[in-house]
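To keep things clear, I will list the structure first and then write my remarks on it.
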Amino acid sequence: MASTKPKANLSGLARCIIQDNLISEENASAAFEDALSQSIPFATYLVENQLLTSLEIAVSASRGFGVPIFDLDVVDTDLMPRDLVDEKLIRNHHALPLFKRGNRLFLAVSDPTNHQGLDEIRFNTGLASEAILVEENKLSKLISLILDAQDTSMDDLLDTDLDNLDISGGEDSKPADGELDVDEAPVVRYVNKILLDAINAGASDIHLEPYERKYRIRYRIDGLLHEVASPPANLANRLTSRLKV
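What the sequence shown shows, in numbering that gives the first Met the number 0, is residues 0 to 244, in sequence order.
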């Protein structure tokens, strides 16, 4: 008689939903392999392919691992910590920082058995990572809301305020006396936003990093550097001059 136990290479979440008879072992194994090949979280794959609902997954995980389900609908996004975890880690592991207490970082996850993701975040932040079980659909929505807002906050300002600014870098872009016109209002507003966002994020340093073809702005937060904006490279002199003390 064949064993009903899940295969050894399946994740803890996959084992859990199989044992709850939410999905067959064959379908779970196929879904798990597909998720791996596409580099997306297992719970995300299940929901996106309509194999299970977010609530079914969360209830099974809650029962199987003895953890409560936290409702993301009650979260005040204004109080959530920002820039503690690299955006790539958040998207890859579907682990979103909810709050920080001392040296402990509490992360919303739909798969509490994703120990690799939690360990990677722990290594990169230097903080103890604690998983909080949430529903996958709500987690995906909140991750998109938070990260898309971060990605566009400075870039939106750049697009709207600097549209009419000459950033060609040619001779005509300089005043006649050879000094940079650093008091142009769009540049001033952009620099002010860089400074204000750094203060709000608790950054200890602002790194303005001009390269030949790109220009990068990074904040140092809790000892780690986080990229926050990439303005046009030809703005390097104007931004740097505006920030000279």
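No residue lacks a Cβ here, since even glycine has one placed at the ideal position from N, Cα and C.
Of G222, R212, E226, L223, the smallest CA-CA separation from A235 is found for R212. Secondary structure at P185: helix, using DSSP grouped into helix, strand and coil. Judged by beta-carbon spacing, Y214 lies beyond the 8 Å limit of V227, meaning their Cβ atoms are not closer than that value. A27 sits buried, since 16 or more C-beta atoms from the chains shown fall within 10 Å of its C-beta. Sequence-distant Cβ neighbours of S53 in its own chain, meaning closer than 6 Å and more than five residues away, are V46, E134, E135, N136. Scanning its chain for C-beta atoms nearer than 8 Å, with the 5 sequence neighbours on each side dropped, one finds around Y210 the residues A232, in chain order.
For the region 30–105, the full-length alpha helix (DSSP H) segments reaching 4 residues or more read 41–47, 53–64, 86–92 along the chain. Annotation for A202: Y218, R219, I220 place their beta carbon closer than 7 Å to its own, counting only its chain and skipping 5 residues before and after.
Across the structure, V108 and T43 are spaced so that their CA atoms are roughly 11 Å apart. In terms of Cα proximity to S240, the closest of N123, L207, I89 is L207. For Y214, the pairing in a beta bridge is given by DSSP as P209.
About 22 Å separates the beta carbons of P230 and L223, which is beyond the 8 Å limit, so they are not a contact pair. By the neighbour-count definition (other C-beta atoms within 10 Å, threshold 16), R62 is an exposed residue.
With a threshold of 16 other beta carbon atoms within 10 Å, A30 meets it and is buried.
By alpha-carbon distance to P67, the top candidate from D33, L132, L194 is L132.
Burial is judged here by how many other beta carbons sit within 10 angstroms of a residue's own beta carbon; F122 has fewer than 16 and is exposed. Per DSSP, the continuous alpha helix (DSSP H) segment holding A13 begins and ends at 11–18. Ranked by Cα distance from E25, the options I56, V74, L9 are led by L9. In this structure, S128 places its C-beta atom within 8 Å of the C-beta atom of L106. Looking at the DSSP output, I131 sits in a beta bridge with A107.
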